[in-house]
Amino acid sequence: PEILMGEGLQMAGYGPINGELQQLGRPHFCTAESLLNLTAQSVHSFRERHLLHKPEGIVVSGSGISHDALVELAAANFGHISPTSTNNNNASRTIPSIYTGGEYRLQRPPNPNPAKDEFTHVAIAFEVGGWHSPDLVPTCVLQTLLGGGSSFSAGGPGKGMYSRLYREILNMYRWAESAEAFSSFHSESGLWGISGSCKPQKIREMTRAMVEHFLKLKDVCVTDEELDRARNMLKCNVLTQLESRLVLFEDIGRQILTYGKREDALTMCAKIDAVTKEDIQKVVHRAIEKPPTLSTVGIDIKNVPKVEEVTQWLGQGLPKKSWF
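Letter 4 of the sequence shown, counting from 1, is numbered 153 in the working numbering, and no numbers are missing.
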């Protein structure tokens, strides 16, 4: 359900314009209707058109290998590829997607296993900047600060319990099964938000708890303690990941494709340390000014508020009286 909910966020957040699907709003997974069109010939044609005859879109990266050896291997395996005139075809160019906001609701059939608990999942997201935005690093710090996860901590008791969503949702409300911040970035745009899950009877309260946290971030700066913890945790995550050679050469390839250069770990850490409380609050303000995107998946979604009601909550704020 989490994967379907994430796909729903993309489809609703970048909804059709003038009846035409946007590139970021297309389904991630092949639909049942399109499955019959997927043939060996169509896969071969895609490979020919987008990979074999588009050398400017190929990056060969490596770790634990000398530069000269990598160049020699690249020349031997890819040196014969030459660009074709189809690269200049307007149809092959990426058309930037425009954020629309919206709603995605998917009611699923009951699980055949009666022993498995059925939870309703909901996510609320807003548009933030993409890979080239100055808000990229502050958004990553914000996601780490909110943190969260599931009510069961796989790393042992106390793991991640100091993040805001753990302290103020998972530890506060016994009915909360999960609450977690997320983000996804693309060249021209990105999404940042909070997702949660619980029994269907409490999903309205979960949604309002998520809205409450958006409003709190907008109105009140995060504390110095929270900010320091989030920055240190994000730096730790980045450096730990880069200890793996598999992650390292993938990071090199992705950065070259995205930026045309690679920033080292020291530069990344300096950018993380430079994030201030004011930077985070500005990111939240700019995000919440735009229409929200709501996505929900479950066997019972009737209690999930409509996106119009969530928009009203965000505009008017929530009553001070407890609603739990």
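By construction, the Cβ of each residue, glycine as well, lies at the ideal position given by its N, Cα and C atoms.
Nearest to G250 by alpha carbon, out of L158, A358, K365, T243? Nearest to G250 by alpha-carbon distance, out of L158, A358, K365, T243, is L158.
Minimum length 4: unbroken alpha helix (DSSP H) runs contained in the stretch 360 to 390: Whole alpha helix (DSSP H) segments, 4+ residues: 373 to 390.
For the beta strand (DSSP E) that contains V453, what are its first and last residues? Unbroken run through V453: none, as it is neither H nor E.
What would DSSP say about V271, mapped onto helix, strand or coil? In this structure, V271 counts as strand in the three-state DSSP scheme.
Give the DSSP bridge partners of A328, in chain order. Paired residue(s): G298, G345.
Can you give the Cα-Cα distance for R175 and M160, rounded to whole angstroms? When only Cα atoms are considered, R175 and M160 end up about 6 angstroms apart.
Please report the straight-line C-alpha distance between E412 and Q404, rounded to a whole angstrom. Going by the C-alpha atoms only, they are around 8 angstroms apart.
Sequence-distant residues of its chain with Cβ nearer than 8 angstroms to A223 (five each side left out): Annotation for A223: V209 place their beta carbon closer than 8 angstroms to its own, counting only its chain and skipping 5 residues before and after.
Can at least three beta-carbon pairs, one atom from the stretch 244 to 261 and one from the stretch 370 to 382, be found at a separation below 8 angstroms? Contact fails between the stretch 244 to 261 and the stretch 370 to 382, because fewer than three Cβ pairs, one in each stretch, are under 8 angstroms apart.
Less than 8 angstroms separating the beta-carbons of L364 and L294? L364 is not a Cβ neighbour of L294, given a cutoff of 8 angstroms.
Note the first and the last residue of the continuous alpha helix (DSSP H) segment covering Y408. Per DSSP, Y408 belongs to the alpha helix (DSSP H) from 394 to 408.
Could you tell me the alpha carbon to alpha carbon distance between L184 and E399, rounded to whole angstroms? Whole-angstrom Cα-Cα distance: 30 angstroms.
Hey, quick one: how far does the beta strand (DSSP E) through R196 stretch, first residue to last? It is not in any beta strand (DSSP E) - R196 instead sits in the alpha helix (DSSP H) that spans 189 to 196.
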